[in-house]
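Contents: one structure, followed by commentary.
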Amino acid sequence: MPKNFNTFVKMELKWANIFLPEIKELIRTKDFSRLRDFLRERHPADIVDILAGLEPAEKVVSFRLLDKSKSSEVFSLFDSSEQEALLKQFTEQHVRTLLIEMEPDDRTQLFDELPADVVERLLKLLPPAERKEANELLNYPPNSAGRIMTPEFVGLQMHMTVARALEHIRKTGLNREIIYICYIVDETKKLRGVTSLKNIILANPDQLIQEIMNEHVLFVHTTDDQEKAAKVVQKYDLLAVPVVDNENRLVGIVTFDDVLDVVEEEATEDFKKMAGIQTIEDEYFRVGVSKRVINRIVWLAILVIAATISQTILKGYSEILSSMIAIAYFIPMLTGSGGNTGSQSSTLVIRALATGEITTREWWKILLRELRVGVVLGLILGFIAFSIAAISTKQPALAATVGISLFSVVSAGNIVGVSIPLLFRLIKLDPAFVSAPLIATILDATGLIIYFEIARRVLLITTH
C-alpha cells in the first residue's frame, strides 16, 4: 500500500465535500442538465461520497439522473440501510430497471439484507429469467460460495476452435463480469479446465480450446463456506474462482471484489467476537442506543458474574492481606499483566488459525513454542516487577514474591491464551468466540491464586 494512501483518501473525501454546495444549488435551481453532466464524469465510488452529503430528497433527485449502468453500480456500493431507504423513494419502474441492471451477486446481497416481504415484492418486479436466477442464488445456504457467486462468466466448450471461442467471447463478453479468465466445460457442463483470454488471442485460430487449457483448475463447491472461496482467491492470487455443484457442473464464479467484501466482513465479525460483541450489520451511527446495549450486555453480564470468582478468592486469602497490606498494592499489576499476555497470545493464535498458518494437529508444537515465549516474557517482566517492588517497598521478600508471581502469571497467561482457542477449534467451535475479556477474567482469578500461594510460602504467612 502506498505510504500516502490515507492522505489520498482524505483528499478524495474533501474533494467530494467541495462540490456539495454547487450540487445543492443545481438541484435548487432545477439545472438538471449540468448536474447530469457532472455526475456522468464521476466514478461511482466518488458519486457515493457526494450523495452521502445530500438530504434524502436531494439524493433521490441526483440518483435518478444517472444512466442505467452507472446507477446500478452506485446503488450496489451503498450500505443496506441506505439501499432500503432509496428503494422506498423510487417508482416501481425505476426499481425494476435498477434490479435488472444490477450484477446477480450484488442483487443477491441486497435481497439478503432486506425483510422477506420486501424481497418477495421485488422478485415479482423481475423478468422471469432474472427472477429464476435470483431465486437459485437465494436457495444456497447463507454465507456459502453459492450465495455470493455470479453466474455471469465466460464458459467455453472443450471442442471449440480458438476462432469460434473468440467469436463467442465477442458476442457474450459484454454481459460477463470477467472475460480475462475463461472456464472450459464439456457437453454436460462439467468443469474441465481454465485458460486466459491472452492464451486464446495468441493461439492458432484452428487450435482446439482443450489443447490450450489448463486441466488443473482450482474450484469450490456451492455449499462451501464463503471464507474458503476467499482463501483460495487470496492464496493463489486469482481474479476469480469457479463454483461447481455436487456433480461438478460449473454454475458460477466468485470474483476478487466479492472476496474483498468477504474478507472485510469476516475480519470485522472476528474482531467483534473477540471483544465479546455480537455482530450488527448496520453502520455505527445507524444503530440506536438500545440495540447497542442489547448487543453488548450478554457478554458483560457473564463477565460480571465470572468476576465474582476473583472476589471469592480475595475473601479466601483475607488473612494474608490483613497480615501484610502491601501485598494488595501489586494485585492490579499481576492481574493486568496476565490478562494482557493471554489476550496477545490468543489473538495471534486465532488469527493464525483463521488464515490456515497453523492447525490443531500441531497443538503440541504450538504449546511448546508459546511456553518458551511465555517463560522469556515472564523472566523479563518478573525482573522489572521485582525491581519496582524492591525500590518502592524496601522489602526484599515481598519484592521476590511479586517477581516470582509475575513470572508465573505471564507464563501461565501465555499458555491459557493459546490453549482455549485451540480447544474451541478441536470441538468445532469458532475460536473467535474466545473473547479477550473472557481470557482476562480467567487469568485474573488464576493470577490471584498464584500470587497468594507464592506469598504464603515466600513470606511464611499462614492463614492459621
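In my numbering, the protein residues as written are 708 to 1171.
Beta carbons are placed, not taken as given, at the ideal position from N, Cα and C, and that holds for glycine.
Query: Among 1120, 1130, 1132, 1134, which residue has its Cα nearest to the Cα of residue 1148?; Result: 1120
Query: Taking residue 902 as part of the beta strand (DSSP E), name the residues at either end of that continuous run.; Result: 898-903
Query: CA-CA distance, residue 825 and residue 819?; Result: 11 Å
Query: Can you look up residue 716 in the DSSP assignment and give me helix, strand or coil?; Result: Low per-residue confidence applies at residue 716: pLDDT is 41, beneath 50, and the placement is therefore not dependable, though the value from the model is reported in the following sentence. Reduced to three states, the DSSP call for residue 716 is helix.
Query: On the DSSP letters alone, give me the boundaries of the beta strand (DSSP E) that residue 962 sits inside.; Result: 957-962
Query: Do you know how far the Cα of residue 761 is from the Cα of residue 936?; Result: 37 Å
Query: Roughly how many angstroms lie between the CA atoms of residue 823 and residue 1144, to the nearest whole one?; Result: 36 Å
Query: So, is residue 814 buried or exposed, given that buried needs 16 or more other C-beta atoms within 10 angstroms?; Result: buried
Query: What would DSSP say about residue 924, mapped onto helix, strand or coil?; Result: coil
Query: Quick check on the burial criterion: 16 or more other C-beta atoms within 10 angstroms. Buried or exposed for residue 944?; Result: exposed
Query: Apart from the five residues on each side of it in sequence, which residues of its chain come closer than 6 Å, Cβ to Cβ, to residue 741?; Result: 733
Query: What is the DSSP secondary structure of residue 919, reduced to helix, strand or coil?; Result: helix
Query: Under 8 Å, do residue 1114 and residue 1154 count as touching if we go by C-beta distance?; Result: no
Query: What runs of the beta strand (DSSP E), each 3 residues or longer, lie entirely inside the region 822-905?; Result: 860-864, 885-892, 898-903
Query: Please give the ranges of any alpha helix (DSSP H) in the region 1043-1116, keeping only runs that are unbroken, at least 4 residues long and fully inside the region.; Result: 1070-1100
Query: Alpha carbon to alpha carbon, what distance is there between residue 1057 and residue 1065?; Result: 10 Å
Query: Closer than 6 Å by C-beta to residue 1158: which residues in its own chain qualify, once you throw out the five before and the five after it? Chain order, please.; Result: 1041, 1112
Query: Would you mind giving the Cβ-Cβ distance between residue 758 and residue 769, rounded to the nearest angstrom? I have them listed as a contact below 8 Å.; Result: 6 Å
Query: Cα separation between residue 1044 and residue 1051?; Result: 11 Å
Query: For chain C, check one thing: does any of its Cβ atoms lie closer than 8 Å to the Cβ of residue 852?; Result: As a matter of chain content, chain C is missing from the structure shown, which is built from one protein chain.
Query: How far does the beta strand (DSSP E) with residue 947 in it extend, from its first residue to its last?; Result: 947-951
Query: Determine the DSSP secondary structure at residue 744, reduced to helix, strand or coil.; Result: helix
Query: Would you report the Cα separation of residue 1156 and residue 1091, rounded to the nearest angstrom?; Result: 21 Å
Query: For residue 1153, name the three-state secondary structure that DSSP assigns.; Result: helix
Query: Would you decide whether residue 713 is buried or exposed? Buried here means 16 or more other CB atoms lie within 10 Å of its CB.; Result: With a pLDDT of only 41 at residue 713, under 50, the local geometry of the prediction cannot be trusted, and the value read off the model is given with reservation. So residue 713 counts as exposed.
Query: If you follow the alpha helix (DSSP H) that residue 1024 is in, where does it begin and where does it stop?; Result: Here residue 1024 belongs to no alpha helix (DSSP H), and DSSP marks it neither H nor E.
Query: For my contact list, residue 902 and residue 920 are in at a C-beta cut-off of 8 Å; report their separation, rounded to the angstrom.; Result: 5 Å
Query: Have a look at residue 1164 and residue 1108 and give me their C-alpha separation to the nearest angstrom.; Result: 9 Å
Query: Give me the DSSP bridge partner(s) of residue 774.; Result: Residue 774 pairs with nothing; no bridge assigned.
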